[in-house]
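Beneath this line is the structure, given in C-alpha cells, with notes to follow.
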Amino acid sequence: MAEYTAGRKDAGADASTPAPLLESRRSFLGALVGLGAVFVGALLSVPLIRFALFPLLRRTTELKSSSVGELDEFSSLTDPVLKTIQIEQVDGWRKIISEKAVYVTKDSQGNLRVLTSVCPHLGCTVPWNKDRRQFTCPCHGAVFAADGARISGPSRRGMDTLETSVEDGQLNLRFQYFRQLVPDKEVIG
Ligand code: FES
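Each position in the sequence shown, counted from 1, maps to that position plus 225 in the numbering used here.
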C-alpha cells in the first residue's frame, strides 16, 4: 500500500527528482502564483476603493457659489434689499439645496456689499427696520447700521459680509457660516 501511494505521487515527474524536493518546488510555485494573484487583485482594487471612499474623504461641507441677482438690479440701491439665495451643498454623495436670507447693501464708498442675515451674537435672523433705517435684532436688541456696522447691543462685531464675485453681469456669492460671540469674523464653514 505504501509503495502504491509513493508511485502515484511521483507519476509524471522526473524519476531522478527526490520526492521532498519535488514537493518543495510545488509549494514554492503555488506560493508564487498566490502572491501574484494577491498583488494583481490589490492593484485592480485601488481605483474601486478610491471611488467608494471619495465622498467620505472629501470635505463634506463644500458650498457652491450662489446667484444673488442681476447687477443692474442693485445699481440704484438706497436701502438694504433682502434676497433669498439658494445654497447647493455637497455632502458625500448627497446634494443638499437650502435657502438663506442675505442683504444686498452698500458700504460707505458706495460699493455693493452682501451681508448674511445671521446675527453675530447668537444667530437670530436680523430684519431691516425701514423706519429707523437700521438693522435691529429681535432677540437681544443688537443694532447695526445699513452697511452692517455695529451700533449697539450685545453683538461684539458688525454683521458679517459675504464673499462676492461678478460674472456675466450676475452678482454671485459664497455663503459661509461665522463664529458667534467673538469680536472678529471667523469662518466656521
Ligand atoms: S441674537 Fe441678535 S442680539 Fe442676540
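The beta carbon of each residue, even a glycine, is placed where N, CA and C say it ideally should be.
- Selection 359, 305, 266, 404 evaluated against residue 329 yields 305 as nearest (Cα-Cα).
- For residue 398, the beta-bridge partners assigned by DSSP are 291, 389.
- DSSP places residue 324 inside the beta strand (DSSP E), whose first and last residues are 319–331.
- DSSP places residue 360 inside the beta strand (DSSP E), whose first and last residues are 359–361.
- Remark: the shortest separation between the CB of residue 379 and any heavy atom of the ligand FES falls under 7 Å.
- Looking at the DSSP output, residue 369 bridges to 360, 375.
- With the rule of 3 Cβ pairs closer than 8 Å, the region 295–314 counts as touching the region 330–346.
- Distance between residue 358 and residue 373, taken at the CA atoms: about 11 Å.
- Residue 409 is not a Cβ neighbour of residue 375, given a cutoff of 8 Å.
- A Cβ-Cβ separation of about 4 Å places residue 367 in contact with residue 380 under the 8 Å criterion.
- Residues close to the ligand FES by the beta carbon criterion (under 5 Å to any non-hydrogen atom) are, from first to last along the chain, 344, 346, 347, 349, 362, 364, 365, 367.
- Comparing alpha carbon positions, the residue from 352, 296, 407, 412 closest to residue 393 is 296.
- Beta-bridge partners assigned by DSSP to residue 303: none are found.
- Annotated three-state conformation of residue 297 is helix, per DSSP.
- In this structure, residue 293 sits near residue 327, with a CB-CB distance shorter than 8 Å.
- In this structure, residue 301 keeps its C-beta atom at 8 Å or more from the C-beta atom of residue 400.
- The three-state reading of DSSP puts residue 406 in coil, since its state is none of H, G, I, E or B.
- If the five residues before and after residue 335 are omitted, its C-beta is found closer than 7 Å to no C-beta atom of its own chain.
- In the structure shown, residue 263 adopts helical secondary structure according to DSSP, grouped into three states.
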